[in-house]
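Protein chains in written order, with my numbering: chain A, 8 to 150; chain B, 17 to 162.
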C-alpha cells in the first residue's frame with residue numbers, strides 16, 4: 008500500500024463527510040442518494056426540485072472531475088474491471104430495487120446512518136458489505 | 017429567494033462537492049470497489065479510508081449541527097427516526113450488496129461517472145432507474161414494512 012492509496016481515499020471521504028454535513032446544516036436532511044433518486048422519479052411533489060438539482064450537482068461535479076485536474080492526478084474514471092454490459096445492467100436493476108427496499112445505500116446508511124449510530128443503518132451496512140464480499144468471492148469461484 | 021429555491025441551490029452544491037469527493041476517493045473506479053470487496057482474494061483495503069474519512073468528519077459535525085433548533089434553510093429536521101430493523105431493510109440491503117458485488121457500482125459513483133460519456137455508467141444508471149420503478153410498482157404488494 009502506498010501513501011497515495013491511503014491519502015486520496017481519506018481526503019475524498021472527508022470531502023464526502025463535509026458534503027453530507029452541509030446538507031444537514033442547510034436543508035436538515037440526510038444525503039441518501041438512492042432515496043433522493045427514487046423520490047425524484049415521482050415528479051410533482053414539493054421536494055422534487057431539490058432532489059433533481061442534487062442529482063445535477065453530482066453529474067456536473069463528475070464533469071469537473073473528468074475535465075479538470077481537481078483530483079490532483081487521481082485518474083477517477085479509469086475502469087479496469089472486466090465486468091460486461093449485461094452483468095452491469097443486471098446489477099443496476101438489483102441495486103435500484105434493493106436500495107429502495109432497504110431504504111438506503113452506501114451514502115444514506117454507510118455514511119450518514121453510521122455517523123449518527125442508527126441501528127437500522129448499522130444492520131444495513133453489515134448486510135450489504137457481507138453480501139458484496141460473498142458475491143465477489145462466489146463470482147470468482149464460478150466464472 | 018424562496019425557501020424552496022434555497023433548498024434546491026444547497027442540494028446542488030452538496031451534490032457537486034460530493035462528486036468531487038467520490039472522484040478523489042476511488043469509489044468511481046469499479047475495479048477498486050471490487051478489489052475492496054475481494055476480502056478472500058487480492059484484497060485492496062484502500063476504500064476503507066473513504067468511509068473512515070467520511071464518518072470521522074460527519075460523526076462530529078452531526079452532533080454539532082443537531083444542537084441547533086433547526087437547519088438554516090428549513091423550519092424543521094428531516095432526519096429518519098425509525099429504529100426498527102425490518103425484513104425489508106435486511107433483504108433490500110442484501111440485494112443491494114449483491115448488485116454492488118457484481119458491477120462495482122453503487123448509485124452515487126454511477127451518477128458521478130455519467131460525465132465520462134462511456135457506456136457502462138449509463139447502462140448502470142438506466143437499469144438502476146428500472147429497478148427503482150419496479151420496486152415502486154410492487155412495494156404495496158410486498159409483506160412487511162420499510
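The C-beta atom is built at its ideal place from N, Cα and C for all residues, glycine as well.
Return yes when the Cβ of residue 42/A is within less than 9 angstroms of the Cβ of residue 106/A, no when it is not. yes
Would residue 52/A count as contacting chain B if we go by Cβ distances under 9 angstroms? no
Determine contact between the stretch 41–61 of chain A and the stretch 57–77 of chain B, defined as no fewer than three beta-carbon pairs at a distance below 8 angstroms. no
For a cutoff of 9 angstroms on Cβ pairs, would you count residue 136/B as touching chain A? yes
Beta-carbon proximity of residue 81/B to residue 25/A, cut-off 9 angstroms: no
Compile a chain-ordered list of the residues in the stretch 59–85 of chain A whose CB is closer than 9 angstroms to at least one CB of chain B. 59, 60, 61, 62, 63, 64, 65, 66, 67, 68, 69, 70, 71, 72, 73, 74, 77, 78, 79, 81, 82, 83, 84 and 85
CB contact below 9 angstroms: residue 92/B versus chain A: yes
Give me the Cα-Cα distance between residue 10/A and residue 138/A, rounded to the nearest whole angstrom. 29 angstroms
Residue 134/B versus residue 44/B - alpha carbon distance: 13 angstroms
Please tell me whether residue 34/A and residue 159/B are closer than 9 angstroms, where the distance is taken between their beta carbons. no
Given residue 19/A as reference, the closest of 138/B, 41/B and 46/B once Cα atoms are compared: 41/B
Between the C-alpha atoms of residue 84/B and residue 23/A, what's the straight-line distance to the nearest angstrom? 22 angstroms
Residue 82/A: buried (16+ other C-beta within 10 angstroms of its C-beta) or exposed? exposed
Residue span of the alpha helix (DSSP H) that contains residue 81/B, given as start and end: 64–81
Just to confirm, is the Cβ distance from residue 135/A to residue 68/B under 9 angstroms? no
Taking C-beta pairs closer than 7 angstroms, name the residues in chain A that residue 46/B reaches, listed in chain order. 86, 88 and 90
Straight-line CA distance for residue 146/A to residue 128/A? 26 angstroms
Quick one: list the residues of chain A neighbouring residue 104/B, beta-carbon separation under 9 angstroms, in chain order. 108, 109 and 110
Assuming contact is defined by CB atoms lying nearer than 9 angstroms, are residue 119/A and residue 37/A in contact in what I supplied? yes
Using a Cβ-Cβ distance under 9 angstroms, would residue 123/B count as near chain A? yes
Can you give me the start and stop residues for the alpha helix (DSSP H) that residue 154/A sits inside? Residue 154/A lies beyond the residue range present for chain A, which begins at 8 and ends at 150; the question has no answer from this structure.
On a Cα-Cα basis, can you pick out the residue from 67/A, 21/A, 16/A and 17/A that is closest to residue 28/B? 67/A
Does DSSP classify residue 22/B as helix, strand or coil? helix
Can you tell which of 136/B, 132/B and 154/B has its C-alpha closest to the C-alpha of residue 39/B? 132/B
Mind checking if residue 83/B is an interface residue toward chain A, Cβ cutoff 9 angstroms exclusive? no
Return helix, strand or coil for residue 86/B, following the three-state DSSP convention. coil
Can you tell which of 106/B, 74/B, 48/B and 154/B has the C-alpha that lies nearest to the C-alpha of residue 89/A? 48/B
I want to verify the contact list: residues of chain A whose CB lies under 8 angstroms from the CB of residue 99/B, in sequence order. 125, 126 and 127
Can residue 16/A and residue 101/B be called in contact, C-beta distance under 9 angstroms? no
Among residues of its own chain, excluding the 5 on either side of residue 140/B, which ones have a beta-carbon nearer than 7 angstroms to its beta-carbon? 119, 121 and 126
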